[in-house]
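**Student:** If you read the sequences in order, they're chains F and R.
Start counting the first sequence at 1; every next residue gets the next number (my numbering).
Start counting the second sequence at 1001; every next residue gets the next number (my numbering).
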Amino acid sequence: MTSQPLSLLTQDGTYQSQMALPLDPGSIDCAQLLRDMIMTRRVDSEAIALQRQGELGLWPSLLGQEAAQVGAAASLFPRDVVFPTYREHGVAWCRGVDPVNLLGLFRGTTMGGWDPTENNFNLYTLVIGAQTLHAVGYAMGIVRDGDVGTGDPERDRAVLVFLGDGALSEGETNEAFVWAAAQNLPVVFFCQNNQWAISAPYSVQSRVAVAQRAQGFGFKGIRVDGNDVLACLSATREAMAAARSGNGPTLIEAFTYRRNPHTTSDDDGRYRSGAENDVWESLDPIERLKNYLVGSNKIDQDFLSKVGAEEQELAEKLRAGCRALPNPAPDHPFRNTYAEMPKELEDQMIEHLSFVETGA
Amino acid sequence: MTAQPSTMPIAHALNAGLRDAMESDDKVMLLGEDIGQLGGVFRVTDGLQKGFGDLRVVDAPLGEAGIVGSAIGLAMAGYRPVCEIQFDGFVFPAMNQITTQLAKYRHRSDGKISLPVVIRIPVGGGIGAIEHHSESPEAYFAHTAGLKVVTPSSPQEAYDMIRAAVRCDDPVIFLEPKRNYWLKGEVDLSRIPGPLEKASIVRPGEDLTLVAYGALLPVARKVADVCAEEGRNVEVIDLRSLSPIDDETILRSVERTGRLVVAHEASRSVGLGSEIASRVQDAIFHSLEAPVIRVTGYDTPYPASRLEEEWLPGLDRILDAIDRSFSY
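#1: Counting only beta-carbon atoms, is residue 1143 of chain R nearer than 8 angstroms to chain F?
#2: Got a sec, what are the start and stop residues for the beta strand (DSSP E) residue 1080 of chain R sits in?
#3: Taking a Cβ distance cut-off of 9 angstroms, strictly less, list which residues of the segment 1081–1111 of chain R are near chain F, in chain order.
#4: Tell me which residue opens and which closes the beta strand (DSSP E) that residue 250 of chain F is part of.
#5: Please list the segments of the alpha helix (DSSP H) lying wholly inside the segment 133–184 of chain F, counting only runs of 4 or more residues, in order along the chain.
#6: What is the rounded straight-line gap between the Cα of residue 333 of chain F and the Cα of residue 1111 of chain R?
#7: From what residue to what residue does the beta strand (DSSP E) around residue 1006 of chain R run?
#8: Does the segment 1171–1184 of chain R come into contact with the segment 341–356 of chain F, if we say contact requires no fewer than three beta-carbon pairs (one atom in each stretch) closer than 8 angstroms?
#9: Which residues in chain F have a C-beta closer than 9 angstroms to the C-beta of residue 1273 of chain R? List them in chain order.
#10: For residue 357 of chain F, count neighbouring C-beta atoms within 10 Å of its own C-beta (all shown protein chains included) and say buried if the count is 16 or more, exposed if not.
#11: Could you tell me how far apart the beta carbons of residue 258 of chain F and residue 18 of chain F are, in whole angstroms, since I believe they sit closer than 8 angstroms?
#12: Suppose you measure from the CA of residue 25 of chain F to the CA of residue 51 of chain F; what does that come to, to the nearest Å?
#13: Closer than 9 angstroms by beta-carbon distance: list the chain R residues that pair up with residue 88 of chain F, in chain order.
#14: For residue 1077 of chain R, is the classification buried or exposed, using 16 other Cβ atoms within 10 angstroms of its Cβ as the cut-off for buried?
#15: Between R/1210, R/1042, R/1252, R/1225, which lies nearest to residue 1235 of chain R when the distance is taken from Cα to Cα?
#16: Considering just the uninterrupted stretch of the beta strand (DSSP E) at residue 1029 of chain R, what are its terminal residues?
#17: What is the rounded straight-line gap between the Cα of residue 1045 of chain R and the Cα of residue 1028 of chain R?
#18: Between which two residues does the beta strand (DSSP E) carrying residue 1186 of chain R extend?
#19: Quick check on this structure: which residue in R/1328, R/1096, R/1247, R/1327 has the alpha carbon closest to the alpha carbon of residue 127 of chain F?
#20: Which residue or residues does DSSP assign as beta-bridge partners of residue 1200 of chain R?
#21: For residue 168 of chain F and residue 129 of chain F, I'd like the C-alpha separation in whole angstroms.
#22: Could you tell me which chain F residues have their CB closer than 8 angstroms to the CB of residue 1197 of chain R, listed as they occur along the chain?
#23: By the criterion of Cβ-Cβ separation under 7 angstroms, what are the contact partners of residue 112 of chain F in chain R?
#24: Assuming residue 1180 of chain R contacts residue 1215 of chain R under a Cβ cut-off of 8 angstroms, what Cβ separation, rounded to an integer in Å, is found between them?
#25: Out of F/265, F/91, F/48, which has the shortest C-alpha to C-alpha gap to residue 236 of chain F?
#26: May I have the straight-line CA-CA distance separating residue 1243 of chain R from residue 191 of chain F, to the nearest angstrom?
#27: Are there 16 or more other CB atoms within 10 angstroms of the CB of residue 32 of chain F, so buried, or fewer, so exposed?
#28: Please list, in chain order, the residues of the segment 1174–1208 of chain R that have any C-beta partner in chain F closer than 9 angstroms.
#29: Measuring CB to CB, does residue 1098 of chain R end up less than 8 angstroms from residue 1068 of chain R?
#30: Chain R partners of residue 115 of chain F, CB-CB under 7 angstroms?
#31: Would residue 350 of chain F pass as an interface residue toward chain R - the criterion being a Cβ-Cβ separation below 8 angstroms?
#32: For residue 1169 of chain R, return the contacting residues in chain F, with the cut-off set at a CB-CB distance below 9 angstroms.
#33: Please classify residue 30 of chain F: does DSSP put it in a helix, a strand, or coil?
#34: So, is residue 1229 of chain R buried or exposed, given that buried needs 16 or more other C-beta atoms within 10 angstroms?
#35: Counting only beta-carbon separations shorter than 8 angstroms, does residue 1159 of chain R have a partner in chain F?
#36: I need the straight-line Cα distance from residue 1031 of chain R to residue 176 of chain F, nearest angstrom please.
Structure representation (structure tokens):
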């Protein structure tokens, strides 16, 4: 019933072309993909360390999902719009969001952290599945703007929305599928099936593979190896091109594995075995791409040393940047709740500021 | 536009207001179930899809979360969506989008992103409806920071307030008193809408302040007429905005009258009446000649319609409350 996820790279780094995953590997800057994946993993490991040191309240790790995120993000034009969950640190990195700003939400200095319009990368969404409908609405806006199916490669654009396997059980995700299909919207649903929604395995969510669900809604679903960055890139690029040209939505299932607990507060030893983790560690996405690039002489030790130095620089920047993130001013919530502050709220703000300043 | 006031019911005044809003701003869009060819189950959007096309007046699939969630996305893309929720009892599937997403986004984006979404909801009872078609959910929304909640009571208010709501940069829950959709009144179509958040004294008086809103306004006016025959001059305030509440208008009135009765259809506990009573005692305790009295629906589910006439606050229950205030 469940088809094997499509892949282009074997774990030992052999490239095998696939009809369903058109790609000319020579046209792809694979070294850049590797660099993005390595940097993403470093953001993640530094954030975990910062959480352990008490600098962050929480961190949702993406370990093991770097290929899915970097591959998907590499398919985007700057004018495309992304709606993430709360684990898309790799997509944020590729979109140019300052990784220090990713930490603010988890440090408690902000509820957002970046200007969503600056990189067309929306704020993290913590309520599972809610962002799928925002993506649908944004795609409706693109249609009304007339920026779909014009054939002008500088104009057509689409929305890429991320979700996890758990989100497929949310009513809102299913409503988003209904709307996207009925209105043939320029939106691509990229589901990282990391197999675990905290402690709930995918078997709790569904009896069919993620990608198969699309068929019932009336659009294409494709299942790719989420640890294969080139497979993820090819599938997403095809789907985004279809969306931009007016051919409607696609659901991409990137089959992967969340190698760390759900967040730093989770204890995955209570619900899954370490043996499972070992299997997925042996399928590491960074190692896979590295095997391919080294094996085909596309990178050398110099390149890896250079990335290593960059990584080190990034780590230092993250540590210093995290500690330097400013606390919001006590009037911040009051001033940003409404466009124009109501009188009652202004009174409450004055009361609060007086308390903060004088303790009375 | 005409300078001559014309007579029309609230439903038509809302239609005219939406039409004006759509004509003056190309970014205004309507989303809802059955709002296109059918014109909405209450016909509020009658003819608008014909006039503005199906990209601007969108017949939604049956999914209230989808309606509000996609309106959020549209607002992020620079549009001003106006959602129609078909009945009060059907808004709850959209509550997640309203409370966790719509209401909070300005704060989450450090004030950078406005979500100018209007959610129109027909509310209240008194029409002999089956269950989930007679509810008054305003307190849920008024309790949620980041939302504005307003309700018009007359055709003129409906015409003015819907235009102001569409122009507002904050999300607005726009509650339409469904039993008065066909209540007629004069509408000046050339009027510039005033501020959304102001209460209005619709009948001045010096003996007691009666605060009501939405469908209870015509009842409150009748109450004042009856009281006038008995020599009591009741000042009637149309609250208009349930969040924020215009304290000033209420406080200045009660300072003069010393007595306050608040009437609403919604359940009593933790409702708008409780909030207003609290604010009044907090600000002008010594001006009060009697306790603030709430005349409301009860803390039960909305009853079967054969019981609704007595369950709803009507003329007699409000008059009785006024008697109690004076005999305190």
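Using N, Cα and C, we set each Cβ at its ideal position, and we do this for glycine too.
**Tutor:** In short:
#1: By this cut-off, residue 1143 of chain R is not an interface position.
#2: For residue 1080 of chain R, the enclosing beta strand (DSSP E) begins and ends at 1080–1084.
#3: Result list: 1081, 1093, 1096, 1097, 1100, 1101, 1103, 1104, 1105, 1106, 1107, 1108, 1109, 1110, 1111.
#4: Note, residue 250 of chain F: beta strand (DSSP E), 250–255.
#5: Runs of the alpha helix (DSSP H) inside the segment 133–184 of chain F: 171–182.
#6: Inter-residue distance for residue 333 of chain F and residue 1111 of chain R is about 9 angstroms (C-alpha atoms, whole angstroms).
#7: Boundaries of the beta strand (DSSP E) around residue 1006 of chain R: 1006–1009.
#8: Flag = no, the segment 1171–1184 of chain R and the segment 341–356 of chain F do not touch.
#9: Within chain F, no C-beta atom comes nearer than 9 angstroms to that of residue 1273 of chain R; the closest sits roughly 16 angstroms away.
#10: By the neighbour-count rule (16 or more Cβ atoms within 10 Å), residue 357 of chain F is not buried but exposed.
#11: That pair is no contact at about 25 angstroms.
#12: The alpha-carbon atoms of residue 25 of chain F and residue 51 of chain F are separated by roughly 38 angstroms.
#13: Simply none; closest approach about 16 angstroms.
#14: Around the Cβ of residue 1077 of chain R, a 10 Å sphere holds 16 or more other Cβ atoms; the residue is buried.
#15: Considering only alpha carbons, the answer is R/1210.
#16: Residue range 1028–1032 is occupied by the beta strand (DSSP E) that includes residue 1029 of chain R.
#17: Residue 1045 of chain R and residue 1028 of chain R have their C-alpha atoms spaced approximately 13 angstroms apart.
#18: 1184–1187 is the span of the beta strand (DSSP E), which, as asked, contains residue 1186 of chain R.
#19: The residue with the shortest Cα to Cα distance from residue 127 of chain F is R/1096.
#20: In the DSSP assignment, residue 1200 of chain R is bridged to R/1238.
#21: So the two alpha carbons sit approximately 8 angstroms from each other.
#22: For residue 1197 of chain R, the chain F residues whose C-beta falls within less than 8 angstroms of its own C-beta are 342, listed in chain order.
#23: Simply 1108, 1109, 1110.
#24: Contact between residue 1180 of chain R and residue 1215 of chain R holds, with the beta-carbon distance rounding to 5 angstroms and staying under 8 angstroms.
#25: That would be F/91, whose Cα lies nearest to the Cα of residue 236 of chain F.
#26: If you draw a straight line from the Cα of residue 1243 of chain R to the Cα of residue 191 of chain F, it comes to about 39 angstroms.
#27: Flag for residue 32 of chain F reads exposed.
#28: If you check each beta-carbon in the segment 1174–1208 of chain R against every beta-carbon of chain F, the ones closer than 9 angstroms belong to 1197.
#29: For residue 1098 of chain R and residue 1068 of chain R, yes; Cβs fall inside 8 angstroms.
#30: For residue 115 of chain F, the C-beta contacts it makes with chain R under 7 angstroms involve 1112, in order along the chain.
#31: With a threshold of 8 angstroms between beta carbons, residue 350 of chain F makes no contact with chain R.
#32: Under the 9 angstroms cutoff, chain F gives 338, 339, 340.
#33: Of the three classes helix, strand and coil, the one that applies to residue 30 of chain F here is helix, per DSSP.
#34: So residue 1229 of chain R ends up on the exposed side.
#35: Chain F contact via Cβ: absent.
#36: Taken atom to atom, the span from the alpha-carbon of residue 1031 of chain R to that of residue 176 of chain F is near 15 angstroms.
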